[in-house]
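In the order they appear, the protein sequences are chains U and W. When you number the first sequence by numbering that gives the first Met the number 0, it's gap-free, plus one each residue, and the end is 305. When you number the second sequence by numbering that gives the first Met the number 0, it's gap-free, plus one each residue, and the end is 305. Reviewing the structure listed below.
Number of protein chains: 2
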Amino acid sequence: MKLQRHPANPLLLPDPTSDWETYNVFNPSVIHHNGLFHMHYRAQGMDWLSRIGYALSADGVHWNRLRRPVLEPLDVSDARGIEDPRVTEIEGRFYMCYTAFSREVPSDVKVTHMGGGVTPMIAVSDNLISWERLGSIVRGEDNKDHVLFPRRINGRYVALHRRPPQVWLAESDDLIHWPEEHMRPIFGPRPDNGWDEKRVGGNGVPIETEHGWLMLYHAYNDDHVYRLGVCLLDLDDPANVIRRAKDFIFEPQELWELRGDVPNVVFSCANPVVDGTVYVYYGGADHVIGLATCKLDELLDFARHG
Amino acid sequence: MKLQRHPANPLLLPDPTSDWETYNVFNPSVIHHNGLFHMHYRAQGMDWLSRIGYALSADGVHWNRLRRPVLEPLDVSDARGIEDPRVTEIEGRFYMCYTAFSREVPSDVKVTHMGGGVTPMIAVSDNLISWERLGSIVRGEDNKDHVLFPRRINGRYVALHRRPPQVWLAESDDLIHWPEEHMRPIFGPRPDNGWDEKRVGGNGVPIETEHGWLMLYHAYNDDHVYRLGVCLLDLDDPANVIRRAKDFIFEPQELWELRGDVPNVVFSCANPVVDGTVYVYYGGADHVIGLATCKLDELLDFARHG
């Protein structure tokens, strides 16, 4: 079972006449809301900082983008860029998980784990355009690939995040405080499985199904080729992996996936489901944006039995 | 009492690098919804057809526009352009009044009054981006400057429209059928009043106040100078003019209002009220978009006593 590329690919290109999306557009979030597909995408401009752009589409294929970004670096905490958005709608509000890339580690932060300059942030909006920063899931460690589940589980907000090389689960009562005692690893690379032997991280918002949370993830191997896989998490306790498909569902093949700003990358932050189809939006080689799709029931079947 | 120009004027300019908003952007609709100002504006491109563009703003002054139009000519009925949008929110849905400029009069239309190529259309949307055409208030006559009231009055939808040289009122049970027997003239030019001696037409959505519907309108005189005025309509029967201020509240003064595609024009399709301030957006000389403001209570006072 493999995702099918849309024939209109790539859907979105950088714009050499722009100052802020000059070189690369990639790693988009996409949600379907109020009859439209809403995309938030990462863009790199003349200064090579990442900003978040916004585009709209009626069919998910043809996009109309705003001329200016909707989220930009604000201070030292994200001075090197705002990256890899993942928007989740929860109880009528919109939450964007994004990675803040800091120029330096703030002096009040205790550096632990592996760094301190890559912070998993959450922002909130009621209109998808103006965003208010809420805070971060952790600070003082290099942590990213975080995404919120679309509803509370057992009364708590839940997020995936990534402590290299593993995917972790975090829980919160208020989306502000994410206590360390609630954090648990979910799964990591499979050293003997080739394509996901080295590192793994979550993709878009997990998809609720009768058999569990369908979770798409990315992984790379020793050759640094990024591929996409799928697993199934327990509905009541998503730290519990019910099933994990052995084979990948998508890998770089097109020239614009094999070559670009970073070669051999398909990287997805979005898998909205519309009318039974899973729309997997992804960055190709950190340079352009593509779309691959599959039927939800086929993906679920593959996650359970593949 | 006069409207005050915003110092950032003009707020929006044509884009010579664009194919569809090359020459002129003007006569915008603006509504305040969900914490943002939403603008729909008329734009003329390389082919000199009018299309509707869309822009967003958090403060009403700095705008972020979509690269492509959201409404374009579809068939012979609007082949020469879609003009002068006026968006009204009614009971949670959005309705755009716009003028369809036809290449020829459809063969099934009986031509009456003064033409047949200028039709007052209504479209509906739930997201302000994708619009469905509902129909027209009248056909077979040159009629424009129509705008919907923001709520039903005595159970019926109500619209202003313009049968030259007067402003008329129309009523409908379903926004589709606008029976001729419900149509009544409201007011016309004042031949002995200089600035509004020749022709009048409605501006943006009428503003409900405790003293009546505050209605801004445009007028021109024998010199073809467009100015803005204000009157007060009865809350229960808007065909009844309670009061009409003698003097105008705005006239062309800046160079970009005096010169452009059509000289000596300030023309408004929008007067949203936000935090007690009336935001009057207008086209300057059919070429650029400007903003002038006033306090609602001062405008109401002027309408009642000026």
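The beta carbon of each residue, even a glycine, is placed where N, CA and C say it ideally should be. This structure is a prediction, so every number in the text was calculated from the model and none was measured.
Quick one: does residue i have its CB under 8 Å from some CB of chain U?
i	result
residue 23 of chain W	no
residue 231 of chain W	no
residue 274 of chain W	no
residue 42 of chain W	no
residue 221 of chain W	no
residue 270 of chain W	no
residue 296 of chain W	no
residue 260 of chain W	no
Answer with buried or exposed for residue i, where buried requires no fewer than 16 other C-beta atoms within 10 angstroms of its C-beta.
i	result
residue 7 of chain U	exposed
residue 194 of chain W	buried
residue 33 of chain U	exposed
residue 45 of chain U	exposed
residue 12 of chain U	exposed
residue 73 of chain W	exposed
residue 245 of chain W	exposed
residue 154 of chain W	exposed
residue 15 of chain W	exposed
residue 299 of chain U	buried
residue 47 of chain W	exposed
residue 283 of chain W	buried
residue 178 of chain U	exposed
residue 141 of chain U	buried
residue 236 of chain W	exposed
residue 35 of chain U	buried
residue 102 of chain U	exposed
residue 68 of chain W	buried
residue 184 of chain U	exposed
residue 37 of chain W	buried
residue 91 of chain W	exposed
Taking 8 Å as the CB-CB cut-off, is residue i touching chain W?
i	result
residue 142 of chain U	no
residue 192 of chain U	no
residue 18 of chain U	no
residue 34 of chain U	yes
residue 195 of chain U	no
residue 239 of chain U	no
residue 26 of chain U	no
residue 126 of chain U	yes
For residue i, list the residues DSSP reports as bridge partners.
i	result
residue 36 of chain W	W:31, W:56
residue 62 of chain U	Answer is none; residue 62 of chain U lacks a bridge partner.
residue 94 of chain U	U:87, U:123
residue 212 of chain U	U:207, U:232
residue 4 of chain U	U:291
residue 79 of chain U	Paired residues: none, contrary to the question.
residue 49 of chain W	W:43, W:80
residue 224 of chain U	According to DSSP, residue 224 of chain U bridges with nothing at all.
residue 26 of chain W	Bridge partners of residue 26 of chain W: none, in fact.
residue 11 of chain U	U:288
residue 70 of chain W	W:51
residue 118 of chain W	W:99
Got a sec: does the ligand ADP put a non-hydrogen atom nearer than 7 Å to the Cβ of residue i?
i	result
residue 271 of chain W	The ligand ADP is absent from the structure shown, which contains no ligand whatsoever.
Would you say residue i reaches chain A, if we count a Cβ-Cβ gap shorter than 8 Å as a contact?
i	result
residue 120 of chain W	Here chain A cannot be found, since the structure's protein chains are U and W.
Could you name the residues of the stretch 129-140 of chain U whose beta carbon sits closer than 9 Å to any beta carbon of chain W, in the order they occur along the chain? Under the 9 Å Cβ criterion, the stretch 129-140 of chain U contributes 129.
Restricting to runs no shorter than 3 residues, where is the beta strand (DSSP E) found entirely within the stretch 121-209 of chain U? With a minimum length of 3 residues, the continuous beta strand (DSSP E) runs that stay inside the stretch 121-209 of chain U are 131-135, 143-147, 156-162, 165-171, 183-186, 198-201, 206-208.
If contact means a Cβ-Cβ distance below 8 Å, which residues of the stretch 53-80 of chain U contact chain W? Against chain W - using a Cβ distance shorter than 8 Å - the residues of the stretch 53-80 of chain U are 55, 57, 63, 64, 65, 66, 67, 69.
Enumerate, from N- to C-terminal direction, the unbroken alpha helix (DSSP H) stretches of 4 or more residues contained entirely within the stretch 226-269 of chain W. Within the stretch 226-269 of chain W, the complete alpha helix (DSSP H) runs of at least 4 residues fall at 254-257.
Counting only runs of 3+ residues fully inside the stretch 270-305 of chain U, write out the beta strand (DSSP E) ranges in chain order. Within the stretch 270-305 of chain U, the complete beta strand (DSSP E) runs of at least 3 residues are 276-283, 287-294.
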